[in-house]
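Asks: Okay, handing you the structure first.
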Amino acid sequence: VYAAFASRIYRGIMFHSLTCRKKNVATVYKSAIEDFGQPASHGCIRLRFADAEFICKNCLAGTRVDIYKESEVDTQLRTLLLESSYTNEDGMSYNEYLGLPVDEGEVLSRSSVGDEVTYLQMRLRALGFYDGEIDGEFGTSTVAAVKQVQRAMGEKATGYVTEVGLEKIYDADAPTAMKVTITEGMSGPIVRNLQNRLATLRIYEGEIDGVYDVDVIEAVKTFEQVYGYEADDIATPEEQSAIATEAARLEKTFEGKEYQLDASSESIDMAVIRAQVRVRIREEPNTSSRSLESLKDGTSIMVLERGAEWSRVRYGTTTGYVRNDLMEFQDRTMSCLVYSASDGTTMHIGNNAQEYIEGARLPAAAFSEIYTARMESAAEAAGASETPKKVELEHGLVESAVVNTGNNAVRLNLRDDASSEGKVVAELDNGTPLEVLLKGEEWSLVEVDKNTKGYLLDKYLTYTSQKSTGPAAEDDEDAEDEAPDGTYTDTFSATVYEKCVVYDVDSDDANKIGTLSKGTSVTVLFSDDEWTLVEYKGKQGYIQNEYLQFNMWEEYI
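Printed below as a string of structure tokens:
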């Protein structure tokens, strides 16, 4: 195997990056990612690429390395190390990075305990920054929440709190966020914000008292029905963001004009995908027909015609068949909110039943793509994580792609939003190369020519560096190790962990071609996050990963 930035500690024990199949980080082994943070090597310390590089370039020969063995795992330290990387490039000391006080006068910091910490956690939750346990212990999650509120106040994100800082956090004008799931009985500024936005949408008429009670819950359920979320008693951060987005859009649309709401509700046949792995929409009601779309667990779809074993469904503009036993059928009430002013200005949230039948997407499906991109961008801007592109690259997932419309005469629209209604930014020729910044379930955020960004439908993209089946790296000196179909010939083995079914394709609605007993050794041809293509006695088939124990480390280290 290959590892980047190896620094020898003693004999065969080194600091080095996660292991790769070739001299390229895009070929990082799946097992190396899964085993990261767990004892799995023969003594080497496996690190993120950036951390291994920092040690390699900054810790010279003669640097002392102390290695400790403890009988108990330090869970807090392990969590910190897995969540973040540290370098001093931004001028922070390590104590500052950890959220430890560096000056006299700090009152609360990492490892502080007691009632003051409990009250601080409760306040941070009421402001929408802290979603951890209220335990009175100033741990990693509390440090992170303090840093977030400090950034929101325009202050240096130290992670510890001075007396002056506490006064600002408890001030009535303290900033708020939408990072906390609101449940019945909660109260505080984030609930007051939610009430104000629901009132703007004209679906809440109660008192703005900051208490999440029955009336507020009913208004949230109304919005959930309109958007296509599951109607329940909670308001998730994504749902709060959707409510805030629609309230802001409403205010911008009417710009101070008086407006009224007309709400309509219709009952339509829906279903929710219920499966451990992705489920395929088939062209015909059988497992041998062409796959049109791949859906994850929890996805809502429209039921056009229910059959005995298969039902005809629609997801967006895709119409096909899904097996009944992979769906939970629901008779769902879908609402549409139509706002209008006397001057003819109108706006609507949601769609009527006929529009959904004709292919309109649920608002929740489109917003989830936007919300995910927002969260990634916010984390990047705050310095709380690596850029989305870097995270994807280091985890060996998607780095680049090319447009694949199937016809050189057909061009693909690059849009400014993850929706077919988004503004067209550019028209791309078949075969156009792209950099993938964020890969979604239906739309991906891409960059063209280093200066143009936008969204493309995944089904019209061919990814050129994906999981363990992508093409050779740019440094292609050993490309002859690849088979023409893109699978690698330097295979490894796995052992069947529990008796399992083997399928002809990577979907549990596929044809069953046999079973394998516990302890059977198979050859792995390639693997992704859910399925592995194996070979056994000259025959090939797909097995779900949960039934396999991969033998990478034993064979390659």
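For the sequence shown, my numbering assigns the number 11 to the initial residue and increments by one for each residue that follows. Virtual Cβ for every residue (Gly too), placed ideally from N, Cα, C.
1) Let me confirm a value: T150 is counted as buried when at least 16 other C-beta atoms fall within 10 Å, else exposed. Which label applies?
2) For R56, list the residues DSSP reports as bridge partners.
3) So within the region 338 to 383, which uninterrupted beta strand (DSSP E) runs reach at least 3 residues, ignoring any that extend past its ends?
4) For the pair the region 187 to 207 and the region 221 to 232, tell me if three or more CB-CB distances fall below 8 Å.
5) Closest by CA to L372, which one among I311, M337, A411?
6) Quick check on DSSP: helix, strand or coil for P185?
7) Note the first and the last residue of the continuous beta strand (DSSP E) segment covering M312.
8) I'd like the ranges of any alpha helix (DSSP H) spanning at least 4 consecutive residues and lying wholly in the region 192 to 246.
9) Please name the residue, chosen from L526, Y12, N34, D141, that lies closest to T246 on a Cα-to-Cα basis.
10) Please return the same chain residues whose Cβ sits closer than 6 Å to the Cβ of Y546, not counting the five positions on each side in sequence.
11) Report yes or no: do three or more beta-carbon pairs, one from the region 246 to 265 and one from the region 199 to 214, lie closer than 8 Å?
12) Any heavy atom of the ligand NAD closer than 8 Å to the Cβ of S301?
13) Taking the alpha-carbon positions, what's the A50 to R88 distance?
14) Would you mind working out which of N34, A13, E556 sits nearest C66, comparing C-alpha positions?
15) Please list the terminal residues of the continuous alpha helix (DSSP H) segment that includes V159.
16) Determine the burial state of E234: buried for a count of at least 16 other Cβ atoms within 10 Å of its Cβ, exposed for fewer.
17) Is the number of C-beta pairs between the region 167 to 184 and the region 275 to 286 that are closer than 8 Å three or more?
18) Assign S251 to one of three DSSP states: helix, strand, or coil.
19) What is the DSSP secondary structure of N423, reduced to helix, strand or coil?
20) Roughly how many angstroms lie between the CA atoms of E177 and A154, to the nearest whole one?
21) Tell me which same chain residues have a C-beta within less than 6 Å of the C-beta of E365, skipping the five on either side of it?
22) Short of 8 Å in beta carbon distance, which residues of its chain neighbour K462, apart from the five on each side in sequence? Order them along the chain.
23) Could you give the DSSP three-state label for T533: helix, strand or coil?
24) How long is the line joining the alpha carbons of Y180 and D243, rounded to whole angstroms?
25) Around the Cβ of V83, are there at least 16 other Cβ atoms within 10 angstroms (buried) or fewer (exposed)?
26) Looking at the structure shown, is S275 part of a helix, part of a strand, or coil, going by DSSP?
27) If you draw a straight line from the alpha carbon of E556 to that of E303, how long is it in whole angstroms?
28) Indicate the three-state DSSP secondary structure (helix, strand or coil) for Y78 in the structure shown.
29) So, using beta-carbon positions, are Y239 and E228 closer together than 9 Å?
30) Are E379 and Y331 closer than 9 Å when you measure CB to CB?
31) With a Cβ-Cβ cutoff of 9 Å, do V171 and F139 count as a contact?
32) Between which two residues does the beta strand (DSSP E) holding E457 run?
33) So L28 and A42 are supposed to be a Cβ contact under 8 Å. How far apart are they, rounded?
34) DSSP on L260, reduced to helix/strand/coil?
35) Helix, strand or coil: which one does DSSP assign to R133?
36) Run through DSSP, which three-state label would C66 get?
Replies: To lay it out plainly:
1) buried
2) H26
3) 356 to 359
4) yes
5) I311
6) coil
7) 310 to 316
8) 199 to 210, 224 to 237
9) D141
10) V532
11) yes
12) What this structure holds is no ligand at all, so the ligand NAD is not there to describe.
13) 15 Å
14) A13
15) 150 to 162
16) buried
17) no
18) helix
19) strand
20) 19 Å
21) none
22) A quick correction: the sequence has Thr, not Lys, at residue 462. Taken in chain order, the residues that qualify are L424, V435, A436.
23) strand
24) 28 Å
25) exposed
26) strand
27) 23 Å
28) coil
29) no
30) no
31) no
32) 453 to 458
33) 4 Å
34) helix
35) helix
36) helix
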